[in-house]
Amino acid sequence: MSEPLILGIETSCDETGVALVRGCELLGDSVASSVDQHVRFGGVVPEVASRAHLEAMTPTVRRALDNAGVALSDVDAIAVTAGPGLAGALLVGVSAAKAYAMALGKPLYGVNHLVGHVAVDQLEHGPLPKPTIALLVSGGHTSLLLVDDLATSVISLGDTVDDAAGEAYDKVARLLELPYPGGPPIDQAAQRGNPKAIRFPRGKWGDGTYDFSFSGLKTAVARHVEDADRKGRPLVVADIAAAFQESVVDVLTRKAVDACVEHGVRTLVISGGVAANSALRALAGQRCAEAGIELRVPPPRLCTDNGAMIAALGAEVVKAGLPPSPLGLATDTSLPVGSPLAV
Amino acid sequence: MLLLAFDTATPAVTAAIGETDADGAFTLRASASSVDARRHGELLAPTVQGLLAESGLDLAELDHIAVGIGPGPYTGLRVGLATGHAFADALGVPCHGVTTLDALAFATRRTEPFLALTDARRKEVFWARYDDHLTRVGEVRVDRPAEIDTEGLPLIGDGARMYTDALGSPAVEPYLPDAAAMAELALLRLHLGEKFPEPVPLYLRRPDAVEPGAPKKVRQWVK
Ligand SMILES: [Zn+2]
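Top to bottom, those sequences are chains B and S.
Quick note, the first sequence lines up with residues 1 to 343 if you use our numbering.
Quick note, the second sequence lines up with residues 344 to 566 if you use our numbering.
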């Protein structure tokens, strides 16, 4: 028979995602987002997200099953995000996953959200070469990973020391009086701007680490705005957005390509919500081509948080023969990336 | 008729399996409770697993699920509801909501009026007035203990125990809900054909969230 059918459940932030995956094939999925409820607050409100997850949980499971054309009784294993993420949000998904696993008499696997962002690429581009370097960029994370095996060997090379890249976009968007989430409007404005018009700092540039820092950049944008105020200079949104974006993607792609070269890795995966950014895709494509590295970026709908990434990682964990999680599985808001499977 | 009941709206994680015969006579098949306000998510599923082992029953034999809808601190409360919804969905059985204070009140078997109070944190309590163990008067409310007119009635629940000074009367047991009473109450309601509240949390407060103010300065943007 074919590979096992995995039901994946993701509730770590503001998307309730459910998907059905067999091996590297996505059979069907469904995502319910509470992003609209957070817009007026300019960021994700944990209690609002948790309430939305509870409301959306079982209806989203049903929609995913319908889209996949399978029955709940066909499912062979349940995978769920155990962390990292928001405590109350994670708890809704894990509680539901345990109940589904018990009722179906199938094993439960609590898996790592960050590794899921890498695993999801297999659904689009097939099995990942071993090893692979992965750059995860979203509102919640900015991580550079060395992935030898999705289920058993993921090493963190670097992380942000302050804001996540997507968080910097949100904060700068608010400064420029652009809507939340900040990624798309800044990306759009930047396309009309001159990235060389202003020189913003590149955090942790050339410091010999694979860590990132974006809070200095955010402060520099704020200072530029205040300075222009004082001197009565016009504030050209497109130029500020383009220069900010160039600073972000320059550091991200430089460090990612350096990591590939240092570790002799020929494949770079970029995933997470910010992977949809056009400047990041363009510059990463150019630098990877120059260095002879294959660049893999999942389609935008798989880059943002969803159940498919969790089911895809669940499929790897089952294939590796790892033991299921106990029913007493705890959520872990800061689950380290070195643990693809929570214990 | 077999029913699984559980509640995670208070520091207790409590679960029980009850059964009624055709005449509505109740038998408790298994029950278990533990108190750990921070580990609802870890404790509930193993507790239910333990009940099944103890009673020799299979989840597939259940006819109904009943779950406490609070009120209670939200993170723990949602563990029970998410579990109840998923069980009901997977097993194809109905999931009924039971107000947590109603289960606490039912356990007293009292035939005279009393108040039931549970901890709402932030120096407030969730509370309701009962004419007897089956009859709540009005809605459940959230208030500061000193603002509640206790009418000199007996006060049950951990909310009463935490604020005896402000309430001006001592607390009497039970302090925390027991799913055994919740299962019996739910089966009684089923037998009588009474309606249940929806299995959704009783949120008596809005989420804490502040909308950012308008920008302080009016700036001239070149868009
Ligand atoms: Zn994510």
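The beta carbon of each residue, even a glycine, is placed where N, CA and C say it ideally should be.
Owing to the predicted nature of the structure, the values given are computational and were not obtained by experimental measurement.
Boundaries of the beta strand (DSSP E) in which residue i is found, first to last residue
| i | result |
| --- | --- |
| TYR473 of chain S | 468-475 |
| ARG296 of chain B | 294-296 |
| GLU10 of chain B | 5-10 |
| LEU400 of chain S | First-last for LEU400 of chain S: undefined, no H or E at that position. |
| SER374 of chain S | 369-378 |
| GLY166 of chain B | Run containing GLY166 of chain B: none in the beta strand (DSSP E); it sits in the alpha helix (DSSP H), 165-175. |
Within chain B, the residues that residue i reaches when beta carbons sit closer than 7 Å
| i | result |
| --- | --- |
| TRP470 of chain S | Those do not exist, as TRP470 of chain S stays about 22 Å from chain B at its closest Cβ, beyond 7 Å. |
| LEU424 of chain S | LEU54 |
| PRO389 of chain S | LEU327, GLY328 |
| THR478 of chain S | Result: empty, since nearest Cβ-Cβ is about 30 Å, beyond 7 Å. |
| LEU402 of chain S | MET102, ALA103 |
Any non-hydrogen atom of ligand 1 closer than 6 Å to residue i Cβ
| i | result |
| --- | --- |
| SER30 of chain B | no |
| SER377 of chain S | no |
| ASP170 of chain B | no |
| SER33 of chain B | no |
| GLY305 of chain B | In the sequence under discussion, the amino acid at residue 305 of chain B is Asp, which differs from the Gly named in the question. True, at least one ligand heavy atom lies under 6 Å from that Cβ. |
| SER138 of chain B | yes |
Residue i - partner residues in DSSP beta bridges
| i | result |
| --- | --- |
| CYS600 of chain S | Nothing about residue 600 of chain S can be read from this structure; chain S reaches only from 344 to 566. |
| TYR518 of chain S | Paired residues: none, contrary to the question. |
| LEU146 of chain B | B:ILE133, B:ILE155 |
| TYR417 of chain S | In DSSP, TYR417 of chain S forms no bridge with anything. |
| ILE78 of chain B | B:LEU7, B:LEU108 |
| LEU347 of chain S | S:ILE360, S:ILE408 |
| GLY83 of chain B | B:ASN112 |
| THR461 of chain S | S:PHE469 |
| ALA529 of chain S | DSSP lists no partner for ALA529 of chain S. |
| ALA355 of chain S | S:VAL378 |
| GLU15 of chain B | B:SER33 |
| LEU341 of chain B | B:VAL111 |
| ARG160 of chain B | One point to set straight first is that residue 160 of chain B is Thr, not Arg, in the sequence displayed. Its beta-bridge partners are B:PHE212. |
| VAL565 of chain S | B:VAL236 |
Contact list for residue i against chain S, beta-carbon separation under 9 Å
| i | result |
| --- | --- |
| PHE244 of chain B | Here the premise fails: no neighbours, minimum Cβ distance about 15 Å. |
| PRO234 of chain B | GLN563, TRP564, VAL565 |
| TYR100 of chain B | ALA429, PHE430, ASP432, ALA433 |
| GLY207 of chain B | What sits at residue 207 of chain B in the sequence shown is Asp, not Gly. Neighbours of ASP207 of chain B on chain S: none; closest Cβ ~33 Å, over 9 Å. |
| THR219 of chain B | Result: empty, since nearest Cβ-Cβ is about 17 Å, beyond 9 Å. |
| VAL137 of chain B | Correct list: empty, because the minimum Cβ distance to chain S is about 24 Å. |
Closer than 8 Å at the beta carbon, the chain S residues around residue i
| i | result |
| --- | --- |
| VAL94 of chain B | GLY384 |
| GLU47 of chain B | TYR417, PRO550, ASP551, ALA552 |
| THR142 of chain B | Ordered by position in chain S, no residue passes the 8 Å Cβ test against THR142 of chain B, which lies about 23 Å from the chain. |
| VAL237 of chain B | TRP564, VAL565, LYS566 |
| THR331 of chain B | GLY384 |
Where the alpha helix (DSSP H) containing residue i begins and where it ends
| i | result |
| --- | --- |
| LEU344 of chain B | No answer is possible for residue 344 of chain B: it lies beyond the span of chain B, which begins at 1 and ends at 343. |
| GLU316 of chain B | 307-319 |
| GLY183 of chain B | 183-190 |
| THR443 of chain S | 443-449 |
| LEU335 of chain B | Where LEU335 of chain B is concerned, there is no enclosing alpha helix (DSSP H), given that its DSSP letter is neither H nor E. |
| ALA119 of chain B | 113-119 |
| LEU327 of chain B | Premise fails: LEU327 of chain B is in no alpha helix (DSSP H) and is neither H nor E. |
| LEU322 of chain B | Looking at the DSSP string, LEU322 of chain B is not in any alpha helix (DSSP H), and its letter there is neither H nor E. |
| ARG301 of chain B | 300-303 |
Near ligand 3: residue i beta-carbon under 6 Å from a heavy atom
| i | result |
| --- | --- |
| SER271 of chain B | Among the ligands present in this structure, namely ligand 1, ligand 3 is not found. |
Proximal residues of chain B, C-beta to C-beta of residue i below 9 Å
| i | result |
| --- | --- |
| ARG421 of chain S | SER50, ARG51, HIS53, LEU54, GLY88, LEU91, VAL92, SER95 |
| GLU554 of chain S | ARG40, PHE41, GLY42 |
Chain-ordered neighbours of residue i on chain B, where CB pairs are closer than 8 Å
| i | result |
| --- | --- |
| THR418 of chain S | SER50, ALA87, GLY88, LEU91 |
Under 8 Å from the C-beta of residue i: neighbouring residues of chain A
| i | result |
| --- | --- |
| MET57 of chain B | Among the protein chains in the structure shown, which are B and S, there is no chain A. |
Chain-ordered neighbours of residue i on chain S, where CB pairs are closer than 7 Å
| i | result |
| --- | --- |
| ALA61 of chain B | It is Val, not Ala, that sits at residue 61 of chain B in the sequence shown. Chain S residues near VAL61 of chain B: ASP432. |
| LEU72 of chain B | ALA433 |
Task: Inside the segment 476-506 of chain S only - alpha helix (DSSP H) runs reaching at least 4 residues - done: 501-505
- [ ] Output the residue ranges of the alpha helix (DSSP H) runs that lie fully inside the segment 17-65 of chain B and measure 4 residues or longer, sorted by chain position.
- [x] For the segment 17-65 of chain B, whole alpha helix (DSSP H) runs of length 4 or above, ordered along the chain, are 35-38.
Open item on the list: I'd like the ranges of any beta strand (DSSP E) spanning at least 3 consecutive residues and lying wholly in the segment 202-286 of chain B.
Closed with: Listed in chain order, the complete beta strand (DSSP E) runs (minimum 3 residues) inside the segment 202-286 of chain B are 267-271.
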